[in-house]
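Here is the structure we will look at, set down as structure tokens.
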Amino acid sequence: MSEQDTGEVRTVEIAYFDGTKRTTDIVDREVPYPDGKLIVSRTDPQGIITHANQAFIDMSGYSEDELIGTNHYILRHPDMPAVAFKGLWDTIEQGTKWHGYVKNLRKDGAYYWVKATVIPNIRNGQLVGYTSVRRKPSRSKIVESEALYKTLLAEE
Amino acid sequence: MTFNLTVSPDFAPDHISGWYFFNTWLQRKLGVGIHLELYDSFDAQREDIRAEKFDLIYANPYDASMLVREMGFQAVVKPASKSDETIIAVNAESPFHTVEDLISGCRVATTDDPDVHTMGMIMLESADLDKNNTEIKQHSSYVVVAKNLLNGDADAGFFLKDAYDELSELIRSKMRVLVSSQISVVHHSLLVGPRMAEHIPAIQTALLTMHDDEKGKGVLESMDIETWEPMDSEQTEFMIDLIDTLID
Ligand SMILES: Cc1cc2nc3c(=O)[nH]c(=O)nc-3n(C[C@H](O)[C@H](O)[C@H](O)COP(=O)(O)O)c2cc1C
Chain C
1 MSEQDTGEVR TVEIAYFDGT KRTTDIVDRE VPYPDGKLIV SRTDPQGIIT HANQAFIDMS
61 GYSEDELIGT NHYILRHPDM PAVAFKGLWD TIEQGTKWHG YVKNLRKDGA YYWVKATVIP
121 NIRNGQLVGY TSVRRKPSRS KIVESEALYK TLLAEE
Chain Z
1001 MTFNLTVSPD FAPDHISGWY FFNTWLQRKL GVGIHLELYD SFDAQREDIR AEKFDLIYAN
1061 PYDASMLVRE MGFQAVVKPA SKSDETIIAV NAESPFHTVE DLISGCRVAT TDDPDVHTMG
1121 MIMLESADLD KNNTEIKQHS SYVVVAKNLL NGDADAGFFL KDAYDELSEL IRSKMRVLVS
1181 SQISVVHHSL LVGPRMAEHI PAIQTALLTM HDDEKGKGVL ESMDIETWEP MDSEQTEFMI
1241 DLIDTLID
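Note that the protein sequences, when read in sequence, are chains C and Z.
This note's numbering puts the first sequence at residues 1 to 156.
This note's numbering puts the second sequence at residues 1001 to 1248.
Structure (structure tokens):
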């Protein structure tokens, strides 16, 4: 759990890249990453979720039915700068692997940090979707990322 | 024509005879000659695999990736409810109680099992440890890894969970598990190479009904496998994509 967590609740409007918006409550409370697990999801080429494993369901707080068919931005936390996701999409659309640290928003408003890797799924030479696998990040990487994203967010 | 079968060297020595029984059983079922060759070392085996020596391989997930994507193999079955999980363990008296307690310079005992080593290193990342700030020593077997923990020559050891569970009660009582992976979708599979591709339907039929015949059932028991489950190409590709995300 992050030492600075206050448990404070704030209501924010999150604007997505596709022009849609949603208003939701954000709670300043970290849910620790479960030891030994990988959080796995797959999307179609547009980023719509097609598969989520049990660890994904447990950590995000959504049911499988709520996740499948939904845009992956449902996990977007307002503390994440847009430029981080631009980097993700630019990388995977070129057909290469992306690594990064991501603060994710749970259904209950709390958050969890992951070290994520996203790769394109190629079948018979065609892009059919993307797979993301997350693992437990170190505390020091979280602290570094928090500082970096704060700076980047202030510039947006 | 005689085909060649090999088995990933990570199974417990008790099951070696099981693979010889399996080979005999399969040859009778298919009516073809198959030669079984076993290895002690992953690296030596991989060299021969790359030299296209084999047609039938019971492979760990890491090698499955190379076999499917680079060598045209096809996964046909996997053992039911058996996934490959990794354990990081320490000496029972170790001052380290979580992975995050491990510190820079710590001595890690591992094997040349590529899956377990990769997953072990991933589970160390949360402690900011990697190959540059740890002392990694590769050993010939999990028993040797355990010995290194017991006599204090290593601070942490990587084990295939199945192999850890098969160590003697006495040895296990002197160790403590720091973390055990729970991935569940990464597992061994039986793959068939291009030269043997025409036999795939027969192999799959024989293996999926293996537990129904008295002989087959006995062979499965000696390999410590309950039954085989079918694997289709999308399942295989999914597993390989997942492994791809874990390799830099
Ligand atoms: C396979 C895959 C997994 C993704 N996982 C996440 C995630 O866990 N959290 C997240 O905020 N965005 C994730 N994204 C990025 C989202 O698609 C989206 O770009 C991001 O949430 C920002 O939203 P926006 O681009 O609409 O502003 C993922 C994308 C892909 C292709």
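For each residue, glycine too, the CB sits at the ideal point set by N, CA and C.
* N1133/Z, DSSP secondary structure in three states -> If you number the second sequence from 1, residue 1133/Z lands on position 133. Note: N1133/Z maps to coil in three-state DSSP.
* To do: Assess, as a yes-or-no matter, whether the region 92-110 of chain C is touched by the region 1193-1207 of chain Z under the definition of 3 or more beta carbon pairs within less than 8 Å.
  => no
* For chain Z, is any of its Cβ atoms less than 7 Å away from the one on I26/C? -> In the first sequence, residue 26/C corresponds to position 26, counting from 1. Chain Z, which has no Cβ nearer than 7 Å to the Cβ of I26/C, makes this no.
* If you measure from the beta carbon of G36/C to each beta carbon in chain Z, is any gap under 7 Å? -> On the first sequence, position 36 is the one that residue 36/C refers to. Residue contact check for G36/C against chain Z: a CB pair falls below 7 Å.
* For ligand 3, any of its heavy atoms closer than 6 Å to the Cβ of V102/C? -> In terms of ligand content, the structure shown lacks ligand 3 and carries ligand 1 instead.
* Any chance the CB of F1238/Z is under 6 Å from a heavy atom of ligand 1? -> As a working mapping, residue 1238/Z is identified with position 238 in the second sequence. No - ligand 1 has no heavy atom lying nearer than 6 Å to the Cβ of F1238/Z.
* Give a single yes or no on whether S145/C has its beta carbon closer than 6 Å to a heavy atom of ligand 1. => As a working note, residue 145/C is residue 145 in the first sequence. A distance criterion of 6 Å places the beta-carbon of S145/C beyond contact range of ligand 1, judged by its closest non-hydrogen atom.
* Who are the neighbours of Q1182/Z on chain C, taking C-beta pairs under 7 Å? -> Numbered from its first residue, the second sequence carries residue 1182/Z at position 182. Those are G36, K37, listed as they occur along chain C.
* G47/C: CB within 6 Å of a non-hydrogen atom of ligand 1 -> As a first step, residue 47/C must be located in the first sequence, where it is residue number 47. Result yes, Cβ under 6 Å from ligand 1.
* Asked: Is the CB-CB distance between S1065/Z and I1240/Z below 7 Å?
  -> On the second sequence, position 65 is the one that residue 1065/Z refers to. On the second sequence, position 240 is the one that residue 1240/Z refers to. Yes. Within cutoff.
* Taking L1190/Z as the reference, give the member of Q1027/Z, E1047/Z, K1078/Z with the closest Cα. => For the purposes of this step, residue 1190/Z is taken as the residue at position 190 of the second sequence. Nearest C-alpha to L1190/Z: K1078/Z.
* **DSSP three-state assignment for Y62/C, whether helix, strand or coil** => Counting from 1 along the first sequence, the entry for residue 62/C is found at position 62. Reduced to three states, the DSSP call for Y62/C is coil.
* To do: Compute every distance between the C-beta of F1021/Z and the non-hydrogen atoms of ligand 1, then say whether any falls below 6 Å.
  => Position 21 of the second sequence holds residue 1021/Z. Checking every heavy atom of ligand 1 against the Cβ of F1021/Z, none is found closer than 6 Å.
* Asked: Can you name the start and end residues of the beta strand (DSSP E) that T1245/Z belongs to?
  -> Counting from 1 along the second sequence, the entry for residue 1245/Z is found at position 245. Per DSSP, T1245/Z belongs to no beta strand (DSSP E); it is in the alpha helix (DSSP H), 1233-1246.
* Counting only beta-carbon atoms, is R135/C nearer than 7 Å to chain Z? -> Position 135 of the first sequence, counted from the start, is the residue given in the question as residue 135/C. Interface residue, yes.
* Asked: In terms of alpha-carbon separation, which member of T1110/Z, K1147/Z, S1104/Z, V1116/Z lies closest to L1133/Z?
  -> By 1-based counting over the second sequence, the position of residue 1133/Z is 133. The question names Leu, but residue 1133/Z in the sequence shown is Asn. Out of T1110/Z, K1147/Z, S1104/Z, V1116/Z, S1104/Z has the C-alpha closest to the C-alpha of N1133/Z.
* To do: Answer yes or no: does any C-beta atom of chain C fall closer than 7 Å to that of V1179/Z?
  => Here residue 1179/Z refers to the residue found at position 179 of the second sequence. When Cβ-Cβ separations below 7 Å define contact, V1179/Z makes contact with chain C.
* Any chance the CB of S132/C is under 6 Å from a heavy atom of ligand 1? -> Numbered from 1 along the first sequence, position 132 holds the residue referred to as residue 132/C. Relative to ligand 1, S132/C has its C-beta within less than 6 Å of a heavy atom.
* Thinking C-beta only, is D1112/Z closer than 7 Å to F1042/Z? -> Within the second sequence, residue 1042/Z is the residue found at index 42, counting from 1. Within the second sequence, residue 1112/Z is the residue found at index 112, counting from 1. Yes. Within cutoff.
* Counting Cβ pairs, one atom from each stretch, are 3 or more of them under 8 Å apart for the region 1044-1052 of chain Z and the region 1138-1149 of chain Z? -> no
* Asked: Is S1173/Z helix, strand or coil when you go by DSSP?
  -> On the second sequence, residue 1173/Z is found 173 positions in, with the first residue counted as 1. Three-state DSSP puts S1173/Z in a helix.
* Asked: In whole angstroms, what is the alpha-carbon distance linking R106/C and D58/C?
  -> Here residue 106/C refers to the residue found at position 106 when the first sequence is read from its first residue. Here residue 58/C refers to the residue found at position 58 when the first sequence is read from its first residue. Going from the Cα of R106/C to the Cα of D58/C covers about 10 Å.
* Asked: Is Y130/C helix, strand or coil by DSSP?
  -> Taking the first residue of the first sequence as 1, we reach residue 130/C at position 130. Strand at Y130/C.
* Where P1230/Z sits in the DSSP three-state scheme -> Indexing the second sequence from 1 puts residue 1230/Z at position 230. In this structure, P1230/Z counts as strand in the three-state DSSP scheme.
* Could you check which residue in L1150/Z, Q1235/Z, I1247/Z, I1122/Z has the C-alpha nearest to that of T1086/Z? => The residue labelled residue 1086/Z in the question sits at position 86 within the second sequence. That would be I1122/Z, whose Cα lies nearest to the Cα of T1086/Z.
* Are the C-beta of T117/C and some C-beta of chain Z separated by less than 7 Å? -> Position 117 of the first sequence, counted from the first residue, corresponds to residue 117/C. Cβ-Cβ to chain Z under 7 Å: yes for T117/C.
* Assuming D1063/Z contacts H1187/Z (C-beta within less than 8 Å), just tell me the rounded distance between them. => Start at 1 with the first residue of the second sequence, and residue 1063/Z comes out as number 63. Start at 1 with the first residue of the second sequence, and residue 1187/Z comes out as number 187. In fact, because the Cβ distance is near 13 Å, the residues do not count as touching under 8 Å.
* Since I120/C sits in a beta bridge, which residues does DSSP pair it with? -> Locating residue 120/C in the first sequence gives position 120, counting from the first residue. The sequence given here places Pro at residue 120/C; Ile does not occur at that position. Y130/C.
* Asked: When we look at the beta-carbon of H1097/Z and count the other beta-carbons within 10 Å, is it buried (16 or more) or exposed?
  -> Residue mapping note: residue 1097/Z aligns to position 97 of the second sequence, counting from 1. Classification of H1097/Z: exposed, given that the 10 Å Cβ count is below 16.
* Please report how far the alpha carbon of Y1039/Z lies from the alpha carbon of V1145/Z, in whole angstroms. => Position 39 of the second sequence, counted from the start, is the residue given in the question as residue 1039/Z. Position 145 of the second sequence, counted from the start, is the residue given in the question as residue 1145/Z. Straight-line Cα distance between these residues: approximately 19 Å.
* To do: Look up T70/C in the DSSP assignment and say whether it is helix, strand or coil.
  => Here residue 70/C refers to the residue found at position 70 of the first sequence. Note: T70/C maps to coil in three-state DSSP.
* Nearest to L1242/Z by alpha carbon, out of T151/C, P137/C, N121/C, R139/C? -> As a first step, residue 1242/Z is located in the second sequence; it is residue number 242 there, counting from the start. Here the closest residue by C-alpha is N121/C.
* Asked: Is M1/C helix, strand or coil when you go by DSSP?
  -> Walking along the first sequence from the start, residue 1/C turns up at place 1. With a pLDDT of only 49 at M1/C, under the threshold of 50, the placement of this residue in the model should not be trusted, and no figure is reported.
* Asked: How many Å lie between I1203/Z and Q126/C at the Cα?
  -> Residue 1203/Z sits at position 203 when you count from the first residue of the second sequence. Residue 126/C sits at position 126 when you count from the first residue of the first sequence. I1203/Z and Q126/C: Cα-Cα distance of roughly 30 Å.
* Asked: Where does the unbroken beta strand (DSSP E) through E43/C begin, and where does it stop?
  -> For the purposes of this step, residue 43/C is taken as residue 43 along the first sequence, with counting starting at 1. In the sequence under discussion, the amino acid at residue 43/C is Thr, which differs from the Glu named in the question. Element bounds for T43/C: 39-43.
* CA nearest to the CA of S1251/Z, picked from K1215/Z, I1088/Z, S1008/Z, D1101/Z -> Residue 1251/Z lies beyond the residue range present for chain Z, which begins at 1001 and ends at 1248; the question has no answer from this structure.
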